[in-house]
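Down below is the structure, laid out as structure tokens.
Numbering (this note's numbering), first residue to last: 365 to 724.
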């Protein structure tokens, strides 16, 4: 690349921000959008947008959103002008959300919605992701680290969902534990219209250092979260809990995760895990669950219907286990398995699915 980079100041005194863009086939109408905290009399949440076709330059239409003193602001674009933002109250700790149906038009922001209150739940680093749907049929997730207000337990998963132009409602809240904490959440949306797949990556921090920290992921399939998937495959890989497990889209329109881990004399290594591994979770059987994962000794499988066949393969594709349980409850002893990644294949009620397992 030759020549100088170009830059433009959108606003001054900015302490946090979230950005996204629309994706027209003709970039003449492409815009970039942002919400950000700008200090005026407080860290007030503002929004702005670039002019159509300026490729992220010529910013305009700055407006204060609801006059809110906020923090931890994030932003996402949906489709056909639908834009969404989330942030926490600077003093209240409340989790808020706003929607705009007209490409961040300053006159089109709805009144803020209180998603949850800081007196009930402590929210850390909320993220927001919207499927590529128009606002009347939208599917929007807010995902954050959360714990009950007051206790000193670790943070766990918290997610709220907005569907079909309605308000936000609780989708999932995990159980906070004293020795584990979920943090550094990132989100990914398949950039294809009318597909509900949304993924989230995060770092699981073992606070007491009794085990290595790990990079994990969940997939939202349009209805609920699937099983969590450990992306840092080996127990010897200690993921750094000070850096996000970032998830992005590659040229083949599939997700790739990046995370730092395993300290050394010159810092941390950078690891990548592409969809070639993650897609073992894409084909699942409704009503089937398994835990724990990672596995220390036994894996418990529960299914809606009887499991006719359960097979386990190692990373080389070699079969190491095959059962014909003909039961909807299975306990698989993996005590003597070597640490590492395995693939479990299940056939139940004529359906076949594969799942990734991690043996510690």
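We put the CB at the ideal spot given by N, CA and C, even for glycine.
Close Cβ partners of residue i (< 7 Å) along its chain, the five nearest in sequence each way excluded
| i | result |
| --- | --- |
| residue 534 | 524 |
| residue 388 | 394 |
| residue 486 | 457, 510, 511, 513 |
| residue 421 | 372, 414 |
| residue 640 | Any reading at residue 640 is ruled out, since the residue's pLDDT is 49, under 50, leaving its predicted position unreliable. |
| residue 613 | 552, 555, 619 |
| residue 634 | 622, 624 |
Per DSSP, the bridge partner or partners of residue i
| i | result |
| --- | --- |
| residue 406 | Residue 406 is not bridged to any residue. |
| residue 376 | Residue 376 pairs with nothing; no bridge assigned. |
| residue 693 | 666 |
| residue 427 | 411 |
| residue 611 | 621 |
| residue 685 | 676 |
| residue 721 | 706 |
| residue 604 | Residue 604 pairs with nothing; no bridge assigned. |
| residue 421 | In DSSP, residue 421 forms no bridge with anything. |
| residue 447 | 441, 464 |
| residue 659 | 723 |
| residue 583 | 563 |
| residue 396 | 385 |
DSSP state of residue i mapped onto helix, strand, coil
| i | result |
| --- | --- |
| residue 564 | strand |
| residue 484 | coil |
| residue 712 | strand |
| residue 435 | strand |
| residue 391 | helix |
| residue 489 | strand |
| residue 636 | strand |
| residue 476 | coil |
| residue 382 | strand |
| residue 368 | coil |
| residue 401 | strand |
| residue 454 | coil |
| residue 643 | Because the pLDDT of residue 643 is 44, which lies under 50, any placement of that residue in the model is unreliable, and the question is left without a value. |
| residue 652 | coil |
| residue 593 | strand |
| residue 699 | coil |
| residue 471 | coil |
| residue 459 | strand |
Within 7 Å, strictly: CB atoms of residue i and residue j
| i | j | result |
| --- | --- | --- |
| residue 624 | residue 610 | no |
| residue 465 | residue 429 | no |
| residue 395 | residue 467 | yes |
| residue 608 | residue 550 | yes |
| residue 569 | residue 545 | yes |
| residue 409 | residue 451 | yes |
| residue 676 | residue 684 | yes |
| residue 432 | residue 458 | no |
| residue 673 | residue 698 | no |
| residue 391 | residue 454 | no |
| residue 703 | residue 724 | yes |
| residue 565 | residue 575 | no |
| residue 660 | residue 603 | no |
| residue 687 | residue 708 | no |
| residue 493 | residue 529 | no |
| residue 665 | residue 694 | yes |
| residue 503 | residue 527 | yes |
Cβ-based neighbour list, residue i, same chain, cut-off 6 Å, excluding 5 preceding and 5 following
| i | result |
| --- | --- |
| residue 413 | 395, 397, 425, 468 |
| residue 642 | Confidence at residue 642 is low in this model, with a pLDDT of 41, below 50, so the placement of that residue should be treated as unreliable; the coordinate-derived value is given next. Nothing meets the Cβ criterion. |
| residue 652 | 667 |
| residue 378 | 400, 402 |
| residue 552 | 563, 611, 619 |
| residue 482 | 456, 457, 458 |
| residue 692 | 667, 670 |
| residue 375 | 402 |
| residue 537 | 522 |
Own chain residues within Cβ distance below 8 Å of residue i, not counting five before or after
| i | result |
| --- | --- |
| residue 488 | 436, 508, 509, 510, 519, 547 |
| residue 476 | 429, 430, 432, 460, 461, 462 |
| residue 714 | none |
| residue 498 | 442, 443, 444, 446 |
| residue 557 | 443, 496, 497 |
| residue 472 | 464, 465, 466 |
is_contact[residue i, chain B] using C-beta, thresh 7 Å
| i | result |
| --- | --- |
| residue 602 | The question asks about chain B, but that chain is absent: this structure has only one protein chain. |
Residue i CB to nearest heavy atom of the ligand COA below 6 Å
| i | result |
| --- | --- |
| residue 475 | In the structure shown, the ligand COA is absent, as is every other ligand, since no ligand is present at all. |
Which runs of the beta strand (DSSP E), 3 residues or longer, sit entirely within the segment 495-580?
Segments of the beta strand (DSSP E) lying fully in the segment 495-580: 503-512, 520-527, 532-537, 544-553, 562-570.
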